[in-house]
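Mapping to the numbering used here: the sequence shown position 133 is 135, numbers consecutive. All C-beta atoms, glycine included, are put in the ideal place defined by N, C-alpha and C.
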Amino acid sequence: MVKTNPGRFFEDYSVGETIHHAVPRTVSGGERVLYHALYPARHALYSSDEFARACGLCASPLDDIAAFHVVFGKTVPDISLNAIANLGYAEGRWLRPVYPGDTLRSTSEVIGVKQNSNGKSGVVWVRTKGMNQRDEVVIDYVRWVMVRKADEDAPAPQTVVPDLKPALRVDDLIVPEGLSFADYDFALAGEPHRWGDYDVGEQIDHVDGVTVEEAEHMMATRLWQNTAKVHFDATVREDGHRLIYGGHVISMARTLSFNGLANAQIVAGLNAGAHANPCYSGDTIKAWSEVLEKAETHVPGVGALRLRLVARKGGEPFALKGEDGRYAPDVLLDLDYWALMPM
């Protein structure tokens, strides 16, 4: 009897099934320390219990993207172990802060499948929910991945492509209970810029850069128990390179955005995301942002910015796509998200 798990292939998914992912994870203060060691994370709300309490929270939560990684990592053995590529994200919402001591687990519902024309692979859409120990949903999001077929002769399933929102509305966002920026300390936060200081269409070069190290990206990926072969096993890819986990690029870009968006404290929504080109050890990640939309939330003093966050290696800031509509070869990440900040 075979005891090992080879992972799922495209023909193993069916629309409507729910997958309960293994290995719940209790997060601790050590999670934050290691996250801040791996990335230049400096947003004050996630660095200081006292700053967070002054903003109406009981303590400093785990960084939003770190919480996302924990929930995402649970899904990898069942969703993307045999993936060719992670293609995109949509309808992501952070519903509750995650605090040290919380235990997170994940479930995913298959909401779409479409076999590729080559018959060798297909695209699978899943809606994933991350729950805490009280069965409260803390994060939910949709992602879609291209997955290999184990048997190329397996019949193609009926195509189901989910109807997803192109972007969340501000009314879809959840402001953490008790959050207030009435006593917000801009000096401690690091920059004076409020919600009203940003204009739609404004572009911000975040200036700083960080070179990706092999050991650090593998440590980060292990931290979130992401078991995708392409991140660890150099023999899996024909070029012999380990592929940097896309979430590592997201975290690096988000933390680099502190320089210019220090007061964009809370990631509240994920509208879309594309890993445009592969990232490898030795690449230097830089980032720039564009303000896509502004909105007031239902909580007085809390504004929302819809931001495009672009990570690049080399090249010039603010260059995204060529005349052919394809991403420039130096673009690593194109992420569309909502952030909450003081007005």
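Fully enclosed alpha helix (DSSP H) runs of no fewer than 4 residues occupy 188 to 191 and 216 to 225 of the region 145 to 228, in order along the chain.
Where residue 254 is concerned, the enclosing alpha helix (DSSP H) starts and stops at 248 to 258. With contacts defined by Cβ atoms closer than 9 Å, residue 255 and residue 193 do not form a contacting pair.
Going by beta carbons, residue 180 and residue 59 fall inside the 9 Å limit. Assigned with DSSP and collapsed to three states, residue 38 falls in helix. When the beta-carbon positions are compared, residue 90 and residue 276 come within less than 9 Å of each other. Check the Cα spacing between residue 303 and each of 205, 315, 185 and 338: the tightest is with 185.
Between residue 48 and residue 36, the CB-CB gap reaches or exceeds 9 Å.
Sequence-distant Cβ neighbours of residue 210 in its own chain, meaning closer than 6 Å and more than five residues away, are 258 and 261. Just measuring C-alpha positions, the residue of 251, 178 and 309 sitting nearest residue 204 is 309. Setting aside the 5 residues that flank it on each side, residue 105 is surrounded in the same chain by 26, 28 and 135, each with a C-beta closer than 6 Å to its C-beta; the list follows chain order. If you look at residue 338, you'll find it in the beta strand (DSSP E) that goes 333 to 344. In summary, residue 213 is exposed, with fewer than 16 beta-carbon neighbours lying within 10 Å of its beta-carbon over all protein chains present. Residue pairing by DSSP places residue 133 opposite 107 and 139 in a beta bridge. The Cβ neighbour count for residue 157, taken over all protein chains shown within 10 Å, is under 16; the residue is labelled exposed. Put simply, of 345, 339 and 343 the residue whose alpha carbon is nearest the alpha carbon of residue 170 is 339. Counting other Cβ atoms within 10 Å of its Cβ, residue 286 stays below 16 and is therefore classed as exposed. Following the DSSP letters along the chain, one finds residue 24 in no alpha helix (DSSP H), marked with neither H nor E.
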